[in-house]
Ligand SMILES: [Zn+2]
């Protein structure tokens, strides 16, 4: 299944491929503020439809995850990093995907605040 996603103003537009069955809801200081509901896919499964779009980037803590957001509308549709095995991974904010019933999605609570 291919999901389309974008920021609010549309500067950032992308597709992510995979089976969206659950989303991670993390309570860390960053995820909590942004209200992220994250779905992880291999980086190769996320395609930027506007490759020249300006992505603003925020990093914190160990600076291993590039949290991207739109400099115009502020939406944060995804971040890029590596999983524990070192594989390039994309964390997609399912709130920025089209046609996803966020309320019906199974949520996995992650206690990032305690890490
Ligand atoms: Zn935007």
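Numbering (the numbering used here), first residue to last: 5 to 119.
For each residue, glycine too, the CB sits at the ideal point set by N, CA and C.
Computed from a predicted structure; not experimentally measured.
Worksheet entry | CA-to-CA distance, residue 51 to residue 93, given in whole angstroms | Working through the chain shown from its first residue, we reach residue 93 at position 89. Working through the chain shown from its first residue, we reach residue 51 at position 47. Approximately 12 Å, taken between the alpha carbons.
Practice prompt. Return no unless some Cβ of chain B is closer than 7 Å to the Cβ of residue 86.
Written response: No chain B appears in the structure shown, which is made up of a single protein chain.
Worksheet item: Are the CB atoms of residue 53 and residue 17 nearer to each other than 7 Å?
Response: The count along the chain shown starts at 1 and reaches residue 53 at position 49. The count along the chain shown starts at 1 and reaches residue 17 at position 13. Against a cut-off of 7 Å, the Cβ pair of residue 17 and residue 53 comes out as a contact.
Worksheet item: According to the neighbour-count rule (16 or more other Cβ atoms, all chains shown, within 10 Å of its Cβ), is residue 83 buried or exposed?
Response: If you number the chain shown from 1, residue 83 lands on position 79. Burial call: buried.
Discussion item. On the DSSP bridge list, what partners appear for residue 20?
Written reply: Taking the first residue of the chain shown as 1, we reach residue 20 at position 16. According to DSSP, residue 20 bridges with 7, 50.
Worksheet item: Along the chain, where does the beta strand (DSSP E) that runs through residue 66 open and close?
Response: In the chain shown, the residue the question calls residue 66 occupies position 62. Neither: residue 66 is in no beta strand (DSSP E) and is coded neither H nor E.
Worksheet item: What's the C-alpha gap between residue 77 and residue 12?
Response: Mapped onto the chain shown, residue 77 falls at position 73. Mapped onto the chain shown, residue 12 falls at position 8. If I take the Cα positions, the gap works out to 6 Å.
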